[in-house]
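2 protein chains.
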Amino acid sequence: MIPANALLLTDLYELAMLEAYHASDMDDEAVFDFFVRDLPPGYGYLVAAGLAQVLSTLRDAQFSDEELAWAADSGRFGDDFLDYLRGFRFTGSVHAMREGTPFFPDEPVLRVTAPLPQAQLLETRIINLLQYQTLIATKATRCVHAAPDKLLVDFGLRRAHGAEAGLMAARASWLGGFAGSSTVLAAPRFGVPIYGTMAHSFIEAHDDELVAFEHFARARPQSLVLLIDTYDTEGAARRLIGLAERLAEDGIQVQAVRIDSGDLGEHARRVRRILDDGGLGDTNIFASGGLDEHRIAALLADGAPIDGFGIGSKLDTAADTPYLDCAYKLCEYAGEPRRKHSEHKATWPGRKQVVRRYDASGRMRGDRVQREDEPADGEPLLELVMEFGEPVAPTPTLADSREHCAEQLGRLPDALRALDAQAGYPVDFSDRMHALAREADVHIEKQQLKSSGGNGP
Amino acid sequence: MIPANALLLTDLYELAMLEAYHASDMDDEAVFDFFVRDLPPGYGYLVAAGLAQVLSTLRDAQFSDEELAWAADSGRFGDDFLDYLRGFRFTGSVHAMREGTPFFPDEPVLRVTAPLPQAQLLETRIINLLQYQTLIATKATRCVHAAPDKLLVDFGLRRAHGAEAGLMAARASWLGGFAGSSTVLAAPRFGVPIYGTMAHSFIEAHDDELVAFEHFARARPQSLVLLIDTYDTEGAARRLIGLAERLAEDGIQVQAVRIDSGDLGEHARRVRRILDDGGLGDTNIFASGGLDEHRIAALLADGAPIDGFGIGSKLDTAADTPYLDCAYKLCEYAGEPRRKHSEHKATWPGRKQVVRRYDASGRMRGDRVQREDEPADGEPLLELVMEFGEPVAPTPTLADSREHCAEQLGRLPDALRALDAQAGYPVDFSDRMHALAREADVHIEKQQLKSSGGNGP
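Heads up: the protein sequence lines correspond to chains L and W, in order. Here numbering that gives the first Met the number 0 is used: the first residue of the first sequence is 0, the next is one more, and so on. Here numbering that gives the first Met the number 0 is used: the first residue of the second sequence is 0, the next is one more, and so on.
Here it is, written out as C-alpha cells:
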C-alpha cells in the first residue's frame, strides 16, 4: 500500500502543472513564500512549527515504484512525463524561521528556492505540515500563558484528525511549552515526555472503586494518578484517605487525583479540603475535560486549587481556529518578481528577509520585511536551512527548539500574550519592497494591455 | 522509524491499565460501545464512517520489534508485561453500523467484544479513526443537500490536519456524495475520482495570462479548467473567448473556468454573461474559496450561476464542529452490565442493538435502542463485521457504501436534512434497557456503600 505521506499526497493540479511545465521546459528557478495572511481573532502572534517535517519531506521526495505504476496505469500522464517523475528529486534550498519563533501576518516563515516544478509539487504538503503544527504550538503557548506554573499535558490524540495530527500535536505542544503528552508514540519519535493516568473503564471493570485504585497503585506505583469521578468525586476522595495510608506504608505515594467531569473548580476545592484534612496535602489535583486556554484561565482566576491540566480535543483540533489563512505563493520566477492581484489576496513579490528589532530590555519592538540583500538593522529571522536538497547541519533538536520558543515568548510585548489580544505588533515593509511591488504591477498591467489588445473586450 | 499508525499510537494510560490487568489476569470478556453524546448545533443526524480503517487496524494489531525495543528500553514496563505485549493480537469481534448509515446520539455505532485488555488498548485509535471520518462524511452530505445537482469536489488536503486527515477527508467526502477530491493519493488508495485545475502560480510564472491558458490547454487538454481570477476575473473571461475559438479548432474544449476570490456570486453572474455572449454557453463555472454548506446554499439561493464547488479548509477541518462529543465506553465486563455515573456523562450498560423503523413510504420513523436479544420490530442496524479478529466477508466496497449512504439519505425525514435542523429524531430505549440500567445502578450503590463502610467518611 502506498504510504500516507507519499509524494502522491498532493493535489492533482500540482501534477497537471508539472506536466505542462515539463512539456515546455519551464524549469527556471522559482521562489515561493509560505506566510499567513491574518492572525486568528484574539491571537497576538503565531509560533513557527513543522519545519523539521518539511525538511525531511523535501530531502526524501521521490516517487516510489508503486506510485509510478499507478500514475502509468491511470492513463492521465504521457510517457515522457512519467520518466520525468521517475527521476524527480528536490534539489533546491530553503530559508526558514527557526521552529518556536513568534511571527506575524505577511511575514514569510519559509521560502523555497528551486526549479519551478520542484517548488510547485511540494506546495500542498508544505502547507499541510506547517499550518497544523503552527496552530498547535501557538495554542500550547497560549495555555502556558494562562497557567505558567502548572503541569500541562496534551490529551488530544483520540479527537485529533487522524494519526499524524495526534502525533504532531504531541510534538508541537511540547515545543510550545507543555510538560508532555499522553501520546506514547511521541516518546520514541520525538523524545516528548509522556504522561498517563487511568480510564473510567478501569474503575468500572472492578466490582469496587477502591479495589480498582489499590490494584492500579500496586501494579503501577510510579507517578500514581487516580481518577476519582467515575461515580461520586468527593466520595471517592474521602474513601481514598484510608487507602493512601495503607499504600504509604508500602512506600507508594498517591501523586495526584484526576477529576474529569462536572464543575472542575468546585470539585477541586472540595477535594482539596478532603485531601488536606486527610493528611494528603502533597497529593496534587489534575483536571481534564473540555479545557482550553480560556477555561484554564477562568478556573485559575477563580482560585481553583488545580495543579495540572490535561488538554485534549480543543487543543488537538485547534477548535477555536481550526485552520489558518495561510498560503504558499510564487514571488519570483526566472529572476523576475511575481505577485498575484486577486481581490483581498494580493501577495508581495521578490526574495525577502524578516528583520526583528528589540528594545534595550530585549523585548521585541517591531519587524521589517525587506529585500534579501538590504542591510539588516536588527536580527534576520530567515536562515538557510537546506541547500542542494540537503539540510544544512546541524538541525536543532526539538528540545533546543522548545528552549528557543520559551526564550522568544519571554521577549514578546506583554499585550500580545493576552488571550484576547487586541494590540497589533508593528510589521512594516521597506521602501525597496514597496518599489518592487510597483515594478511587478507595471509588468502585470503591460501584459494585460497586450492581451486585451490582442483579443478585444 | 516507527510508523505513525503503529500500536504505540495510543494513550499511555492504555498501556498502564493493560499492565495492571495483566498483573492480575483480568482478561474476561469486555464489551465497549462507541457512540456520540450530542449532535453538533444545527445538525439533524450524523453519518457513520471510518469502519474499514478500524477493521484493518484491529486485524493487523501487533507490536513491531521497534516498538517492543522502545518499550523495553523505556524502563516503564516489567519483563513479564513486555512478553505479553510481544504476543498481543486482537482476537475479538466487532458489531457495527454500515458506513454511510445515518445515526443519532446515544446509539452505539460500533461495539467491540474482546478480552478486556484487547478491547481497552485500541480505544484511542478507534475513536481517532471513527470520529474524523464521521465528521467529514456528515459535512459532505450537508453540502450535497445544499447543492444536490452540482459538482462537489474536496479541495482541503493542504489545510487538513496532517497526511491522514487529508487522505481520509477525500475518502469520507466521496462516501458522503461528493464527486471526488483533488487529493491524488485517494485514487490509488480508495478509488476516489480525482479532479484538478491550476494554481495562480502557473499564471504568474508566465509573462502573459493568455499564454499561460493556452500552454496549459495544449499540455493538458482533457477536462480543461482555467483559473481566471489571478489579476482581473472579468477581463480574463473576455480575453478567453478568442483563445477558446482557436482551441476549439484543434478539438480542445474549455470545460470550465474557476473563480477563487472576491464576491463569487457576483463574479459568476458577470462571467456567465461574458461566456454566453462569447459563444461559450457550454463552459461551466466552478467556484472555490472559503466555502461550506451554508455559503454554497446562500450562493445558490441568490441565483449564482455556479456549476461546481471546490470545498476545502472548512470541510477538511470540519471547521464549524471540529470534534464530536463521542466516547468508547465499557458497558459489560465478565458478563455483568457496567456503566459510569460521572455528571452529564452517564452511559448505558449492556449489549445493545439499534432497531430502525420506517413508514409506508420508506422514510425513517424512529429508532429504538434495545438489548441485543430482544426481538427487533424493524431493521437492526448493528451487524457482525469481525469475528475472532478477522473481518467477516464480504466487506462492502467504498463505492457500495457510497450508494448505501445516498439511499439512506433519501430516507431521512426532510426536517433533518435542513442545514439548520431544529427537529429531533425519535430515539428511545426499550423497557429492558431501562431495567438493565437500574440493575447496574444498584450494583454501583452496593459497592459504594461497602467502600464507605470500610473507610469512613
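The beta carbon of each residue, even a glycine, is placed where N, CA and C say it ideally should be.
Using a Cβ-Cβ cutoff of less than 8 Å, which residues in the same chain neighbour residue i once the five nearest sequence positions on both sides are dropped?
i	result
W:Pro-374	none
W:Asp-82	none
L:Leu-411	Gly-43, Tyr-44, Pro-101, Arg-362, Met-363
W:Asp-376	Val-354, Arg-356, Arg-367
L:Ile-1	Leu-7, Ser-63, Glu-65, Glu-66, Trp-69
L:Ser-287	Phe-154, Arg-257, Ile-258, Asp-259, Phe-308, Gly-309, Ile-310, Gly-311
Got a sec: is the Cβ-Cβ distance from residue i to anything in chain L below 8 Å?
i	result
W:Val-183	yes
W:Arg-188	yes
W:Pro-456	Residue placement at W:Pro-456 is flagged as unreliable, the pLDDT there being 33, under the threshold of 50; the coordinate-derived value follows with that caveat. Yes, contact with chain L.
W:Arg-170	no
W:Asn-127	yes
W:Ala-392	no
W:Gly-334	no
W:Gly-264	no
W:Leu-150	no
W:Ile-1	yes
W:Gly-165	yes
W:His-94	no
W:Thr-396	no
State yes or no: is the beta carbon of residue i nearer than 8 Å to at least one beta carbon in chain W?
i	result
L:Lys-351	no
L:Asp-10	yes
L:Gln-130	yes
L:Ile-310	no
L:Tyr-83	no
L:Pro-321	yes
L:Gly-250	no
L:Thr-140	no
L:Ser-260	yes
L:Ile-227	no
L:Ser-63	no
L:Ala-318	yes
Can you find the residues in the same chain that come closer than 6 Å, C-beta to C-beta, to residue i, ignoring five residues on each side of it along the sequence?
i	result
L:Phe-31	Val-111, Ala-118, Tyr-327, Leu-329
L:His-144	Arg-416
L:Leu-290	Phe-308, Ile-310
W:Glu-292	Arg-141, Cys-142, Ala-145, Leu-418
L:Phe-189	Arg-170, Leu-397
W:Pro-114	Asp-26
W:Gly-261	none
Excluding sequence positions up to five away, which residues of its chain have a Cβ less than 7 Å from the Cβ of residue i?
i	result
L:Thr-9	Leu-120, Thr-123, Arg-124
L:Arg-268	Ala-303, Pro-304
W:Thr-133	Leu-45, Val-46, Ala-47, Ala-48, Gly-49, Leu-323
W:Ala-296	Ala-145, Leu-418
W:Met-16	Gln-119
L:Leu-174	Ala-48, Glu-98, Gly-99, Ala-136, Leu-397, Ser-400, Arg-401, Cys-404
L:Gly-452	With a pLDDT of only 41 at L:Gly-452, under the threshold of 50, the placement of this residue in the model should not be trusted, and no figure is reported.
W:His-340	Ile-443
W:Leu-209	Arg-238, Leu-242
Given that residue i touches chain B, what residues does it touch there, using C-beta distances under 9 Å?
i	result
W:Gly-41	In the displayed structure, chain B is absent; the protein chains listed are L and W.
**Message:** For a minimum of 3 consecutive residues, which ranges assigned as the beta strand (DSSP E) are wholly contained in the region 344–390 of chain W?
**Reply:** If we require 3 residues or more, the beta strand (DSSP E) runs fully inside the region 344–390 of chain W come out as 351–357, 363–370, 382–386.
query: Where are the alpha helix (DSSP H) runs, 4 residues long or more, that stay fully inside the region 207–269 of chain W, in chain order?
result: Fully contained in the region 207–269 of chain W are the following alpha helix (DSSP H) runs of length 4 or more, in chain order: 208–218, 232–248.
* At which residue ranges does the region 6–69 of chain L contain complete alpha helix (DSSP H) runs of 4 or more residues, listed in the order of the chain? -> Given a length threshold of 4 residues, each whole run of the alpha helix (DSSP H) inside the region 6–69 of chain L is given here in chain order: 11–22, 50–58.
| Three or more beta-carbon pairs under 8 Å between the region 83–90 of chain W and the region 188–206 of chain L, yes or no? | Here the region 83–90 of chain W does not lie against the region 188–206 of chain L, with fewer than 3 beta-carbon pairs under 8 Å apart.
With a threshold of 8 Å, are at least 3 pairs of Cβ atoms found where one atom belongs to the region 11–22 of chain W and the other to the region 212–219 of chain L? Below 8 Å, enough C-beta pairs join the region 11–22 of chain W and the region 212–219 of chain L to call them touching: three or more.
- Item | Sufficient close CB pairs (3 or more, under 8 Å) joining the region 129–139 of chain L to the region 59–73 of chain L | Touching, no.
### Message
At a CB distance below 7 Å, what residues from the region 103–121 of chain W approach chain L? Give them in sequence order.
### Response
Using a CB distance below 7 Å, the part of the region 103–121 of chain W facing chain L consists of Leu-115, Gln-119, ordered along the chain.
At least 3 beta-carbon pairs within less than 8 Å: the region 426–439 of chain L vs the region 331–339 of chain L: Touching, yes.
| task | Select from the region 15–36 of chain L all residues with a C-beta closer than 9 Å to any C-beta belonging to chain W, and list them in chain order. | result | Cβ contacts with chain W come from Ala-15, Met-16, Glu-18, Ala-19, Tyr-20, His-21, Ala-22, Ser-23, Met-25, Asp-27, Ala-29, Phe-31.
Whether or not the region 271–284 of chain L and the region 233–245 of chain L are in contact is what I'm after, with contact meaning three or more pairs of Cβ atoms, one per stretch, closer than 8 Å; do they touch? They touch, by the three-pair rule.
Just by C-beta distance, which residues in the region 197–221 of chain W are closer than 7 Å to chain L? Cβ contacts with chain L: Met-197, Ala-198, His-199, Ser-200, Phe-201, Glu-203, Ala-204, Asp-206, Asp-207, Glu-208, Leu-209, His-214, Phe-215, Ala-218, Arg-219.
Can you list, in chain order, the residues of the region 273–299 of chain L whose Cβ is nearer than 7 Å to any Cβ on chain W? Result list empty, no residue passes.
Entirely within the region 69–143 of chain W and at least 4 residues each: give me those alpha helix (DSSP H) ranges in chain order.
As far as the region 69–143 of chain W is concerned, its whole alpha helix (DSSP H) runs of at least 4 residues are 78–85, 115–120.
- Task: Say whether the region 65–75 of chain L touches the region 162–182 of chain L, bearing in mind that this needs 3 or more beta-carbon pairs closer than 8 Å, one atom from each stretch.
- Result: Result no; under three Cβ-Cβ pairs closer than 8 Å.
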